[in-house]
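Numbering (the UniProt record's numbering), first residue to last: 1 to 141.
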């Protein structure tokens with residue numbers, strides 16, 4: 001079973017239509033109450049300094065946040081940038097998982113397929129970068 005962080009990363013990195021599809025399944029069958037409508041905010045972004053392995057704040061980043069309630073369970077959607085619809089969809093999906101709704105069982109396979117496609121795309125990008133990498137060991141002095 002995917003954890004909340006992994007599930008959210010997949011829904012953000014993959015096509016936003018998947019999140020919209022999952023959210024539509026829930027809104028068609030359940031009452032969804034907007035506790036906090038999608039709104040913009042700033043949050044501090046952490047970075048890990050590699051030499052001393054310490055955390056520091058690199059600066060602020062714009063986020064869109066939303067909170068939804070379904071069956072007395074609250075879901076939160078937070079996404080970087082100005083993405084009102086995606087934040088709302090993420091909040092609905094999170095609330096559905098928090099409420100243990102039966103529809104969430106059917107989402108396991110599409111999420112795994114999306115994760116595989118994301119991984120394939122990352123591997124292809126890494127291969128492109130490695131093709132342009134200079135090997136200094138073979139260069140003559």
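For every residue, glycine included, the Cβ atom is placed at its ideal position computed from N, Cα and C.
Which residues in the same chain as residue i place their Cβ atom closer than 7 Å to its Cβ, once the five residues preceding and following it in sequence are excluded?
| i | result |
| --- | --- |
| residue 76 | 67, 91, 94 |
| residue 115 | 10 |
| residue 2 | 111 |
Assuming the contact rule is C-beta atoms closer than 8 Å, residue i and residue j should be a hit. Round their C-beta distance to whole Å, please.
| i | j | result |
| --- | --- | --- |
| residue 65 | residue 36 | 7 Å |
| residue 26 | residue 17 | Going by Cβ atoms, the distance from residue 26 to residue 17 rounds to 15 Å, so no, they are not a contact pair. |
| residue 30 | residue 117 | So it is not a contact: roughly 29 Å between Cβ atoms. |
Suppose contacts are defined by Cβ-Cβ distances below 8 Å. Is residue i in contact with residue j by that definition?
| i | j | result |
| --- | --- | --- |
| residue 79 | residue 12 | yes |
According to the neighbour-count rule (16 or more other Cβ atoms, all chains shown, within 10 Å of its Cβ), is residue i buried or exposed?
| i | result |
| --- | --- |
| residue 38 | buried |
| residue 7 | buried |
| residue 86 | buried |
| residue 83 | buried |
| residue 108 | exposed |
Could you give the residue range of the alpha helix (DSSP H) that holds residue i?
| i | result |
| --- | --- |
| residue 16 | 16-29 |
Please work out which residues of its chain come closer than 6 Å, Cβ to Cβ, to residue i, disregarding the five sequence neighbours upstream and downstream, and give them in chain order.
| i | result |
| --- | --- |
| residue 97 | 104 |
Please confirm whether any heavy atom of the ligand HEM lies closer than 7 Å to the CB of residue i.
| i | result |
| --- | --- |
| residue 106 | Ligands in the displayed structure: none, and consequently the ligand HEM is not present. |
Using C-beta distances below 8 Å, list every residue in its chain close to residue i, excluding the 5 sequence neighbours before and after it, in chain order.
| i | result |
| --- | --- |
| residue 54 | 48 |
| residue 57 | 44, 45, 46, 47 |
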